[in-house]
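Numbering (my numbering), first residue to last: 5 to 257.
For reference, the structure discussed in these notes is given below.
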């Protein structure tokens, strides 16, 4: 299955790091978070990627244009210009980079990929979040439910402690627990190709009007992921992800 990654936003909530580069290129452990996201799918056997670009698209294009050489051993003959590859990179990924417009919303970006997607179901996620989600299980769940879209639902860790209060009496307190309620959109979608027919143009955010139309027709299922999930919306999130990576125990690897 093809994997669509939305990587075109401005990343304004992480402006400290996105002035010169797009958010998916912000590094976790000296590697762009976009590469971490792709690695999650690759380890489940999905290596055909379509990356929807927008803000600073040229940075991501340039990175992938050079990545093969960066990860190879080679000899350059300066007189002839001939490059002899001695050691090729282990990544056998196929990556299609598509400029979907600077101000296009997420729904519009997906719709602009129509010519690249074909007629098969596809996987979809964001270029700024990682998880130890079982991609194979999401696909199996999607096929079993037979819905137009399957969203991976997650319960993030609370930023602050959570109090259980009854008649003004604190009955329990947990320091930064995983939320007991409040499932949210964790990305890692599985979509039928007809999902594009519910998107009406560049101006629509996929998470708003298109998904609402699909929900109104009982067309969306939720795969509940209880494990690790973390997006990178702020400098605090960036620091947390680097701490997890530096521990050597990153759950998504």
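Using N, Cα and C, we set each Cβ at its ideal position, and we do this for glycine too.
- Counting the other Cβ atoms within 10 Å of the Cβ of residue 39 gives 16 or more, which makes it buried.
- The alpha carbon of residue 256 has as its nearest neighbour, out of 108, 151, 139 and 238, the alpha carbon of 139.
- Under the three-state reduction of DSSP, residue 229 is assigned to strand.
- In the DSSP assignment, residue 154 falls within the unbroken beta strand (DSSP E) covering 153-158.
- Excluding residues up to 5 positions away in sequence, 108 and 112 lie with their Cβ nearer than 6 Å to the Cβ of residue 206 in the same chain.
- A distance below 7 Å between beta-carbons, with the five flanking residues on each side excluded, links residue 129 to the following residues of its chain, in chain order: 9, 41, 191, 192 and 193.
- Look at the segment 30-56 and you find these whole runs of alpha helix (DSSP H), each 4 residues long or longer: 37-46.
- The beta carbon of residue 132 lies closer than 7 Å to those of 27, 28, 37, 235 and 236 in the same chain, with the five residues before and after it left out.
- Proximity to residue 95 across 103, 114 and 68 peaks at 68, based on C-alpha coordinates.
- Here the alpha carbon of residue 62 sits roughly 12 Å from the alpha carbon of residue 105.
- Assignment of residue 83 by DSSP, reduced to helix, strand and coil, places it in the coil class.
- Here the alpha carbon of residue 208 sits roughly 11 Å from the alpha carbon of residue 216.
- Spatial neighbours of residue 99 in its own chain (CB-CB distance under 6 Å, excluding positions within 5 residues in sequence) are listed in chain order as 53 and 68.
- Secondary structure at residue 103: strand, using DSSP grouped into helix, strand and coil.
- Residue pairing by DSSP leaves residue 95 without any beta bridge partner.
- Residue 90 holds the alpha-carbon nearest to the alpha-carbon of residue 73 among 60, 90 and 146.
- Put simply, the segment 16-25 does not touch the segment 141-158. Fewer than three CB pairs are less than 8 Å apart.
- Assigned with DSSP and collapsed to three states, residue 6 falls in strand.
- Going by beta carbons, residue 153 and residue 218 fall inside the 9 Å limit.
- Taking each of 70, 161, 214 and 60 in turn and checking the Cα distance to residue 30, the smallest one comes out for 60.
- Residue pairing by DSSP places residue 133 opposite 235 in a beta bridge.
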